Amino acid sequence: MKFSANLGFLWTELSLPEAIEAAASAGFDAVECHWPYDTPAADVADTLRRTGLRMLGLNTRRGDVAAGDNGLAALPNRIDDARAAIDEAIAYARAIEAACIHVMAGFAQGQQAHATFCDNLSYACSAAAPYGITILIEPLNRYDAPGYFLTTTQQAISIMDDVGAANLKLMFDCYHVQLMEGDLSHRIESLLPRIGHIQFASVPDRGPPDQGELRYEHLFNLIAKLGYTAPLGAEYKPQGPTEKTLGWLPRYRD
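According to our numbering, the stretch in the sequence shown is residues 1274 to 1527, in order.
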C-alpha cells in the first residue's frame, strides 16, 4: 500500500514546503493539499523535486469564506468566479505538476445548481485535459457541510454521466461516504472504475485510521486486491502533533 499525506490537515503548523519535507521524512509516498495559493508555486515545485514526492491534488478556492462560501461551481450566480477559480487551480497544478484538481461545488440546491455544476465541470475538464490533469468531485457529508450541493456517490455518478468527460472522476472519501451511505466495501468495488482518488479518516471523529468504527485493515486489503495501486490520501485531523499519530503508517503499508 502507498499513502499520501493530506497537508490540509497534517502538519498545519508548518509552511507548505516544510510540511512536504515532514511528510517525506515520515515515509509518505506522496502529498496532497487543500488551498496552496498563498505559497508561491515555485517554492512548492522545488520542494517536491528535492523530496521526490508528487503532489496528487489540490482544491479550487472556496470563495469568500467569511461570507459563508464553501466552493463556487454549483452556484448559478457565481459562474465567472467559479471559472476564475478553476483557471487559477489549473495554472497552479501545472506549475507543480499536480495530478488532480477537486472542483468544489459549494452550498446550493436544485436543478439549476445541477446544470451550473455540470457546465462548470465541462469547462474545467476541457481546460485541464491538454495537461493530463484529472478533475475530481467529492460528496461531503451533511454533518460537516450542511447544505453542500454534492452529498452522495450516486449523485456524483449522475453528474459525471451528464458531463461525459473522460478526465472527470470521483473523489471517494471513506469518511464522508460512511457517514452518508455506508456499505463501503461494496461501493468501492462497484465504483472503482469511476474513482480518481481515495481518502480516509476514522469515523465518527475524523481522526487517524487505527480507531473508530471502520476497520481500515479490511478496506485497504480490499482496495489492494481490486488492483488499485495509487497512494491513498490520509485526510484526517491529528488532534495533536502529527508525528504522534502515525503508528498506523508502517503497519498498514505492510
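Ideal placement from N, C-alpha and C gives every residue a C-beta, glycine not left out. Quick caveat, the model's predicted, so the values are computed rather than measured.
Where residue i and residue j are concerned, what is the direct C-alpha to C-alpha distance, given to the nearest angstrom?
i     : j     : result
E1291 : A1347 : 34 Å
G1469 : A1340 : 31 Å
L1452 : R1526 : 25 Å
I1359 : A1296 : 27 Å
E1454 : R1460 : 9 Å
A1355 : G1344 : 8 Å
L1326 : A1303 : 5 Å
C1447 : S1288 : 27 Å
E1305 : P1482 : 17 Å
T1285 : T1515 : 9 Å
R1607 : Q1472 : Outside the shown range of the chain, which is 1274 to 1527, sits residue 1607, and nothing can be said about it.
T1499 : L1283 : It is worth fixing the name first, because residue 1499 is Leu in this sequence and not Thr. The straight-line gap from Cα to Cα measures roughly 28 Å.
L1519 : M1328 : 20 Å
G1485 : V1376 : 29 Å
I1293 : K1275 : 16 Å
C1373 : G1506 : 13 Å
R1524 : V1476 : 19 Å
What does the Cβ neighbour count give for residue i, buried or exposed, with the cut at 16 atoms within 10 Å?
i     : result
E1508 : buried
Q1512 : exposed
P1330 : For clarity, residue 1330 is Gly in the given sequence; the question names Pro instead. Burial call: buried.
G1544 : A question about residue 1544 goes unanswered here, because the residues of the chain that appear run from 1274 up to 1527.
N1279 : buried
T1424 : buried
N1494 : exposed
Q1384 : exposed
S1277 : buried
Y1365 : buried
E1462 : exposed
N1414 : buried
Y1404 : exposed
T1389 : buried
P1504 : buried
T1502 : exposed
In three-state terms, what does DSSP make of residue i?
i     : result
F1273 : In the structure as shown, the chain begins at 1274 and stops at 1527. Residue 1273 is therefore absent and cannot be evaluated.
L1487 : coil
M1274 : coil
F1493 : helix
A1474 : coil
L1612 : The structure shown does not extend to residue 1612, since the chain is modelled only from 1274 to 1527, so the question has no answer here.
A1438 : coil
Y1421 : strand
T1502 : coil
I1406 : coil
F1282 : coil
P1446 : Residue identity check: residue 1446 is Asp in the sequence provided, not Pro. Residue state, collapsed to three classes: strand.
Any beta carbon of chain B sitting closer than 8 Å to that of residue i?
i     : result
I1461 : The chain inventory of the structure shown lacks chain B, comprising one protein chain alone.
Meets three-Cβ-pair contact criterion under 8 Å: the stretch 1456-1475 and the stretch 1431-1446 = yes
Is the number of C-beta pairs between the stretch 1485-1494 and the stretch 1419-1432 that are closer than 8 Å three or more?
-> no
Pick out the complete beta strand (DSSP E) segments inside the stretch 1298-1382, 3 residues or longer, and give them in chain order.
-> 1303-1305, 1330-1332, 1373-1375
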